[in-house]
Structures are given as structure tokens and as C-alpha cells.
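Engineer:
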Amino acid sequence: MPTVHDSGYKRLFKNRTIFRQLIQTFVPESWVSDLDFDTAEVIDKSYVSEHYKTTESDLIYKVKRRPDQALFIYILLEFQSTVDRFMALRVLNYLTNFYMDV
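Here the sequence shown stands for residues 0 to 101, where the numbers follow numbering that gives the first Met the number 0.
1) Within the chosen definition, does the stretch 22 to 39 reach the stretch 59 to 79 through at least 3 CB pairs nearer than 8 Å?
2) How is the beta strand (DSSP E) around F36 delimited, first residue to last?
3) Among the residues of its own chain, which have a CB less than 7 Å from the CB of Q20, if the five just before and after it don't count?
4) How is L70 classed by DSSP in three states: helix, strand or coil?
5) Taking 8 Å as the cut-off, decide whether the C-beta atoms of Y60 and F18 are in contact.
6) According to DSSP, what are the bridge partners of L76?
7) From which residue to which residue does the alpha helix (DSSP H) around R19 run?
8) Check for me: the alpha helix (DSSP H) holding T81 runs from which residue to which?
9) Can you tell me whether DSSP reads R127 as helix, strand or coil?
10) If I'm right that L76 touches D57 with Cβ under 8 Å, what's the distance once you round it to whole angstroms?
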């Protein structure tokens with residue numbers, strides 16, 4: 000269930016500079032330095048299940064990898080204010096729907 004915090008975080012992290020700073024600060028992986036953050040674009044996705052239930056991921060970014068490769072990295076940001084025991088299943092559901100759509 001979306002909250003007022005969801006829309007605030009979504010609006011904040013739609014800013015590419017803030018998104019870049021978040022990833023560069025909190026993801027200590029070597030592949031982060033290969034990302035071309037100038038190509039980052041928000042992919043707003045909502046899905047309707049077989050049972051007509053709509054789900055919406057908070058924020059998905061599509062970022063091109065350097066140097067000029069035909070490879071994109073998709074990064075899902077999901078904002079939570081409480082612990083969700085089923086978060087792994089929710090992310091699996093987002094990924095399944097996303098891959099079916101691509």
C-alpha cells in the first residue's frame with residue numbers, strides 16, 4: 000500500500016544526481032564505475048496480474064554501461080518503511096513481470 004513517504008522518496012530518487020550518489024555511495028561493487036549515469040532513465044512500470052491485481056514497482060532505472068556497450072543495467076529501488084516478510088517474493092514478482100514485458 001503506497002504511503003506519503005513512497006511518493007516523496009520516488010520524487011527524490013527520480014533526480015539522476017541523487018540516484019547516482021546513492022548507488023556510488025552504497026554499492027561497493029566494481030561495476031558501478033562502469034555505469035554511464037548520464038544515460039540513466041526512469042522506467043515507470045506497473046503490471047496487471049492474471050487476476051487483475053495491479054502492482055507497481057517504486058522506481059526502476061535503466062543505465063547504460065561504459066564503454067559504449069549495448070548493455071544496460073536495470074536497478075530497482077523499492078522503498079520500505081516497515082519490514083515485509085515477503086519482500087523476496089515481491090521482488091521476484093516484479094522481476095518476473097518485468098522480464099515478461101521486455
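All residues carry an ideal CB built from backbone N, CA and C; glycine is no exception.
Structural biologist: According to the structure data:
1) yes
2) 34 to 41
3) none
4) coil
5) Going by C-beta atoms, Y60 is nearer than 8 Å to F18.
6) L58
7) 15 to 25
8) No residue range can be given for T81, since it is assigned to no alpha helix (DSSP H) and is classified by DSSP as neither H nor E.
9) No answer is possible for residue 127: the residues shown for the chain start at 0 and end at 101.
10) 6 Å
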